[in-house]
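Written below as structure tokens is the structure these notes are about.
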Amino acid sequence: MLNYNYTSPNNLDNNRFRSRPLAPTDYGPNPFTIDINKAAMNNDTFRTALWTGNHLQLTLMSIQAGDEIGLEIHPDDDQFLYIESGQGVVQMGNQRDCLYFQQPIFTNSAIFIPAGIWHNVINTGELPLKLFSIYAPPHHPWGTIHQTKAVAEADTNHY
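Here it is, written out as structure tokens:
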């Protein structure tokens with residue numbers, strides 16, 4: 001059996017994220033480890049790029065009760081969402097006005113969104129929906145932080 005119990009300076013540094021909120025910064029494209037569950041739970045911004053590399057990006061998101069990510073499409077990016085906490089509905093479809101796929105989502109749900117598919121996530125719960133999103137390739141510029149959905153909607157700076 002392989003032993004994965006090792007220590008590196010990077011792992012020791014990440015202990016600081018285990019009990020307090022993240023410092024809003026993008027750690028890519030450097031090697032990096034983190035307790036992603038706690039990072040997602042501690043995030044209070046609509047979107048924060050936590051790690052951006054040349055071919056992959058991870059963002060943390062917090063969607064307020066009754067709010068939504070907003071209907072969008074990424075022509076060239078596959079996207080993966082993981083729901084850390086909360087409940088909602090995911091909608092997807094080939095056309096903006098034909099979202100034929102609709103499923104309830106909840107804590108521990110994984111959502112796979114192919115490039116070129118319209119999609120939206122709606123928070124149907126009473127608490128913020130905490131999640132992380134992985135884009136391949138990156139969708140937002142390095143260091144992106146959107147404190148609110150309104151700030152995100154006003155930002156046209158994405159790939």
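The numbering of the sequence shown is the UniProt record's numbering, which starts it at 1 and goes up by one.
In this text, a Cβ means the ideal position worked out from N, Cα and C, and glycines have one as well.
Next item on the list: Look at Pro114 and Ala65 and say whether their C-beta atoms are less than 8 Å apart.
Entry: Locating residue 114 in the sequence shown gives position 114, counting from the first residue. Locating residue 65 in the sequence shown gives position 65, counting from the first residue. Their beta carbons are not under 8 Å apart, which means Pro114 does not touch Ala65 by this criterion.
Check: When burial is assigned at 16 or more other CB atoms within 10 Å of the CB, is Gly143 buried or exposed?
Finding: As a first step, residue 143 must be located in the sequence shown, where it is residue number 143. In the assembly as shown, Gly143 is an exposed residue. Its beta-carbon has fewer than 16 other beta-carbons within 10 Å.
Checklist line | Euclidean distance between Cα positions of Asn30 and Ala49 | finding: Along the sequence shown, one-based indexing puts residue 30 at 30. Along the sequence shown, one-based indexing puts residue 49 at 49. Approximately 14 Å, taken between the alpha carbons.
Note to self: Extract the residue ranges of the alpha helix (DSSP H) inside the region 24 to 70, only unbroken runs of 4 or more that lie entirely within it.
What the structure shows: 36 to 42
Check: Exposed or buried, which one is Tyr100 when buried takes at least 16 other CB atoms within 10 Å?
Finding: In the sequence shown, residue 100 corresponds to position 100, counting from 1. When all chains shown are included, Tyr100 counts as exposed.
Checklist line | 6 Å CB neighbourhood of Asn43 in its chain, flanking five on each side removed | finding: Translated into positions along the sequence shown, residue 43 becomes position 43. Cβ within range, chain order: Leu60 and Ser62.
Check: Nearest to Gly125 by CA position, among Ile145, Asn94 and Pro104, is which residue?
Finding: Here residue 125 is taken as the residue at index 125 of the sequence shown, counted from 1. Selected option, being the one with the closest Cα: Pro104.
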